[in-house]
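Structure first, commentary second.
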Amino acid sequence: MEKINVKVCMGTTCFVMGGANLQELNDIIPRKYGDKVEVNASPCLNLCSINWEYSKAPYVKVDDEIITEATVEKVLETIENKLGNN
Amino acid sequence: MNNAGQAIHLKKEILVRIIKAFLSDNFEEQARLIPYAMRPKGMEVPYRCCVYKERAIIKDRTIAGLGFPIEEDDETVSLATYAKKATERKEISDKNLTVLQAACQGCKTNRIYVTDLCQGCIARPCLSSCKFGAVSIINGRSVIDDSKCKKCQMCVQACPYNAIVKITVPCEDACPVGAIKKDETGFASIDFEKCISCGKCISACPFGAVHERSQIIDILKAIKSGKKVIAMVAPSIAGQFPGSIYQLKTAIKKAGFYDVYEVAQGADITAQTEAKEFSERMHLANEKATEWLNEWVNEGGYGEKPETQEDDNVQHFMTTSCCAGYNQLIKKHMPEIKPFVSDTKTPMYYTAEIVKQAYPDSVTVFVSPCVAKRAEGYENPNVDYIMNFEELGALFVAKKIEILECEETPYVKESSKQGRNFGFSGGVAESVKASLKNENSVKPCIINGLNKESIRQLRKYAKSGECDSGCNLIEVMCCEGGCIGGNATMNNPKTAKKLINELSEKSQDIEKV
Ligand code: FES
Chain V
16 MEKINVKVCM
26 GTTCFVMGGA
36 NLQELNDIIP
46 RKYGDKVEVN
56 ASPCLNLCSI
66 NWEYSKAPYV
76 KVDDEIITEA
86 TVEKVLETIE
96 NKLGNN
Chain Z
12 MNNAGQAIHL
22 KKEILVRIIK
32 AFLSDNFEEQ
42 ARLIPYAMRP
52 KGMEVPYRCC
62 VYKERAIIKD
72 RTIAGLGFPI
82 EEDDETVSLA
92 TYAKKATERK
102 EISDKNLTVL
112 QAACQGCKTN
122 RIYVTDLCQG
132 CIARPCLSSC
142 KFGAVSIING
152 RSVIDDSKCK
162 KCQMCVQACP
172 YNAIVKITVP
182 CEDACPVGAI
192 KKDETGFASI
202 DFEKCISCGK
212 CISACPFGAV
222 HERSQIIDIL
232 KAIKSGKKVI
242 AMVAPSIAGQ
252 FPGSIYQLKT
262 AIKKAGFYDV
272 YEVAQGADIT
282 AQTEAKEFSE
292 RMHLANEKAT
302 EWLNEWVNEG
312 GYGEKPETQE
322 DDNVQHFMTT
332 SCCAGYNQLI
342 KKHMPEIKPF
352 VSDTKTPMYY
362 TAEIVKQAYP
372 DSVTVFVSPC
382 VAKRAEGYEN
392 PNVDYIMNFE
402 ELGALFVAKK
412 IEILECEETP
422 YVKESSKQGR
432 NFGFSGGVAE
442 SVKASLKNEN
452 SVKPCIINGL
462 NKESIRQLRK
472 YAKSGECDSG
482 CNLIEVMCCE
492 GGCIGGNATM
502 NNPKTAKKLI
512 NELSEKSQDI
522 EKV
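First to last, the sequence lines map onto chains V and Z.
Throughout, the working numbering is defined as the position within the first sequence, counted from one, plus 15.
Throughout, the working numbering is defined as the position within the second sequence, counted from one, plus 11.
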């Protein structure tokens with residue numbers, strides 16, 4: 016099974032608009048999913064400049080899926096769905 | 012930390028737009044357009060009834076961002092005029108909070124309320140439990156007469172069905188000193204005679220109704236006019252932004268600041284000065300205690316303990332003095348504890364002094380986790396402005412500064428591990444301890460957050476002159492978790508503390524005094 020890849024944007028815009036709280040995922044994900052899911056901090060994903068300015072930040076990418084206004088809950092839910100689908 | 016997710020997102024977005032407007036070539040017009048840009052014609056309305064109402068509320072929030080009180084707005088003045096007035100302003104106000112009363116409508120006033128769970132039972136314990144005759148039975152159900160109700164909650168406890176509830180107003184509940192109240196009209200307002208600027212109402216309000224009156228325009232104006240504007244970053248800033256504090260320094264300079272100082276540098280001075288003061292103060296107490304013990308032992312250790320003379324000079328505990336919210340509390344509500352409070356100045360004080368000595372013509376800006384520092388800054392002539400973490404964040408966003416891409420710039424002086432740990436609960440007491448040769452002489456007691464209970468405790472200590480279980484150093488922090496729990500922080504306190512620790516572990520120990 017392919018590993019799920021989570022990229023948490025740590026660019027300035029995302030971080031300031033609420034992404035700071037997503038750093039918790041670095042602890043939660045390995046604890047919950049072991050090596051099934053890989054989580055990385057990412058520099059600016061370049062989404063903040065295209066998608067209606069900063070209004071939809073923070074962004075997280077789960078594989079190719081973009082999560083807007085991301086929260087820890089939203090990200091975990093997306094992971095659960097993917098794991099269920101696989 | 013601020014929990015009001017959507018509202019806080021909105022507040023930050025408005026700040027970003029205000030800053031962008033200021034940086035554009037037509038500040039006034041761009042400021043006027045903010046509500047329209049955020050809620051353009053035809054847009055689906057996210058929160059309220061219609062786009063007009065949303066715009067009106069965004070306008071109000073923008074007024075606070077421009078540094079003015081929302082309460083005084085009569086709706087006829089346009090944001091362009093406010094923007095103009097902001098650029099012309101020479102002085103800042105000592106009233107650092109303002110309430111967006113339009114947001115208060117979603118929130119019922121504080122009262123005791125009988126819910127549908129009322130079974131209309133025959134025993135009617137609610138009726139008999141009420142000493143004020145406020146409960147009556149109408150159509151077989153309990154009803155409370157608000158004009159008689161004293162909110163004692165006896166009926167709440169008496170009801171076997173848990174059918175009676177206390178409806179709380181989050182801001183009122185969070186305020187430790189009863190300074191914010193919803194009045195008869197249902198709008199919350201702040202009594203600045205009582206307010207200690209702790210910022211707890213800001214974090215508590217789910218509608219994001221309470222705003223700090225920003226000084227960001229005043230700061231940007233100073234930068235634009237070519238003055239040497241110097242940022243002094245609070246120790247709690249480590250962990251509030253991506254990257255290291257050295258990258259952060261570069262980023263802040265990119266944003267237009269002339270130089271950046273770590274307030275942890277001043278924290279080192281606070282710790283050492285407080286340690287000296289502590290041993291002087293406690294020395295007397297120790298001497299008295301030894302004297303008394305000797306006397307008692309000389310007499311064979313039998314008999315009554317000798318009556319100790321009430322000596323006003325002997326103190327058994329000292330409290331820290333670096334928290335601005337606590338200092339406001341002492342000033343406005345608890346003068347009786349003053350003799351026990353350390354005379355040592357705050358890290359911000361020492362840092363600002365150092366900066367003004369190095370650059371007498373500079374404009375100093377303290378970068379703060381909380382609103383309380385605005386009150387302290389207002390009283391300190393060496394501190395010109397306060398900018399909170401959210402405002403600094405908004406400035407980075409508006410100027411498109413990627414912190415992670417910045418180089419590392421060293422600080423003028425590397426601060427100690429203990430100074431860098433000032434921002435979380437326990438860190439200050441620990442720093443005092445670490446500054447002393449005889450570390451064991453310190454028996455700390457930590458007040459982790461001011462609330463009604465901890466305030467009562469402090470009053471008790473002040474009255475009796477003793478702290479529980481022989482503690483002699485009381486560290487007081489107004490916010491739960493310490494400064495990392497301040498109202499303008501961006502990270503959750505747990506992660507923030509972890510990140511601070513990563514930095515401080517690499518720093519040298521403080522020098523002993
Ligand atoms: S900062 Fe996250 S996409 Fe740019």
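The beta-carbon is built from N, C-alpha and C at its ideal position, and this holds for glycine as well.
Local Cβ density within 10 Å of residue i, reported as buried at 16 or more and exposed below that
i: residue 73(V); result: buried
i: residue 431(Z); result: buried
i: residue 116(Z); result: exposed
i: residue 379(Z); result: buried
i: residue 35(Z); result: exposed
i: residue 99(Z); result: exposed
i: residue 214(Z); result: buried
i: residue 429(Z); result: buried
i: residue 12(Z); result: With a pLDDT of 40 at residue 12(Z), under the threshold of 50, the modelled position of this residue cannot be trusted; read the value that follows with caution. Counting Cβ neighbours within 10 Å, residue 12(Z) comes out buried, since at least 16 surround it.
i: residue 259(Z); result: buried
i: residue 61(Z); result: exposed
i: residue 382(Z); result: buried
i: residue 309(Z); result: exposed
i: residue 353(Z); result: buried
i: residue 274(Z); result: buried
i: residue 481(Z); result: exposed
i: residue 157(Z); result: exposed
i: residue 196(Z); result: exposed
i: residue 181(Z); result: buried
i: residue 225(Z); result: buried
i: residue 44(V); result: buried
Cutoff 8 Å; reference residue i; Cβ partners in own chain excluding five residues on either side
i: residue 205(Z); result: 188, 189, 190, 343 and 344
i: residue 453(Z); result: 289, 440, 443, 444, 447, 483 and 484
i: residue 59(Z); result: 65 and 68
i: residue 474(Z); result: 347
i: residue 88(V); result: none
i: residue 370(Z); result: 239, 241, 269 and 270
Residue i vs residue j beta-carbon contact at 9 Å
i: residue 76(Z); j: residue 104(Z); result: no
i: residue 172(Z); j: residue 216(Z); result: no
i: residue 502(Z); j: residue 254(Z); result: no
i: residue 107(Z); j: residue 208(Z); result: yes
i: residue 18(V); j: residue 71(V); result: no
i: residue 490(Z); j: residue 336(Z); result: yes
i: residue 109(Z); j: residue 149(Z); result: no
i: residue 18(Z); j: residue 210(Z); result: no
i: residue 26(Z); j: residue 26(V); result: no
i: residue 240(Z); j: residue 267(Z); result: yes
i: residue 23(V); j: residue 90(V); result: yes
i: residue 163(Z); j: residue 142(Z); result: yes
i: residue 178(Z); j: residue 129(Z); result: no
i: residue 334(Z); j: residue 487(Z); result: yes
Neighbourhood of residue i by C-beta distance below 7 Å, restricted to the same chain and skipping five residues each side
i: residue 93(V); result: 77, 80 and 82
i: residue 146(Z); result: 137, 138, 153, 155 and 166
i: residue 412(Z); result: 262, 265 and 266
Cutoff 6 Å; reference residue i; Cβ partners in own chain excluding five residues on either side
i: residue 465(Z); result: 458
i: residue 286(Z); result: 443, 446, 447 and 524
i: residue 340(Z); result: 207
Below-9 Å beta-carbon distance, residue i vs any chain C residue
i: residue 505(Z); result: Looking at the structure shown, chain C is missing, and the protein chains on hand are V and Z.
In chain order, which continuous runs of the alpha helix (DSSP H) of length 4 or greater are located wholly inside the stretch 364 to 436 of chain Z? 383 to 390, 400 to 409 and 428 to 431
Do the stretch 55 to 68 of chain Z and the stretch 184 to 199 of chain Z make contact, defined as three or more Cβ pairs closer than 8 Å? no
Counting pairs of Cβ atoms below 8 Å between the stretch 379 to 398 of chain Z and the stretch 227 to 245 of chain Z, do you hit three or more? yes
At least 3 beta-carbon pairs within less than 8 Å: the stretch 353 to 361 of chain Z vs the stretch 506 to 523 of chain Z: no
With contact counted as at least three CB pairs below 8 Å, one residue from each stretch, are the stretch 498 to 508 of chain Z and the stretch 25 to 37 of chain V in contact? yes
Determine contact between the stretch 272 to 291 of chain Z and the stretch 428 to 444 of chain Z, defined as no fewer than three beta-carbon pairs at a distance below 8 Å. yes
Along the chain, which unbroken stretches of the beta strand (DSSP E) at least 3 residues long are found entirely within the stretch 53 to 78 of chain V? 75 to 77
Counting Cβ pairs, one atom from each stretch, are 3 or more of them under 8 Å apart for the stretch 16 to 36 of chain Z and the stretch 48 to 67 of chain V? no
Where in the stretch 110 to 157 of chain Z do unbroken runs of the alpha helix (DSSP H), each at least 4 residues long, occur, reported from the N-terminal end onward? 136 to 140
Starting from the N-terminal side, write out each stretch of the alpha helix (DSSP H) that is 4 residues or longer and does not extend beyond the stretch 233 to 259 of chain Z. none
What beta strand (DSSP E) runs, 3 residues minimum, are completely inside the stretch 452 to 499 of chain Z? 455 to 459 and 484 to 488
Determine contact between the stretch 419 to 428 of chain Z and the stretch 38 to 46 of chain Z, defined as no fewer than three beta-carbon pairs at a distance below 8 Å. no
Enumerate, from N- to C-terminal direction, the unbroken alpha helix (DSSP H) stretches of 4 or more residues contained entirely within the stretch 161 to 189 of chain Z. 165 to 169 and 181 to 185
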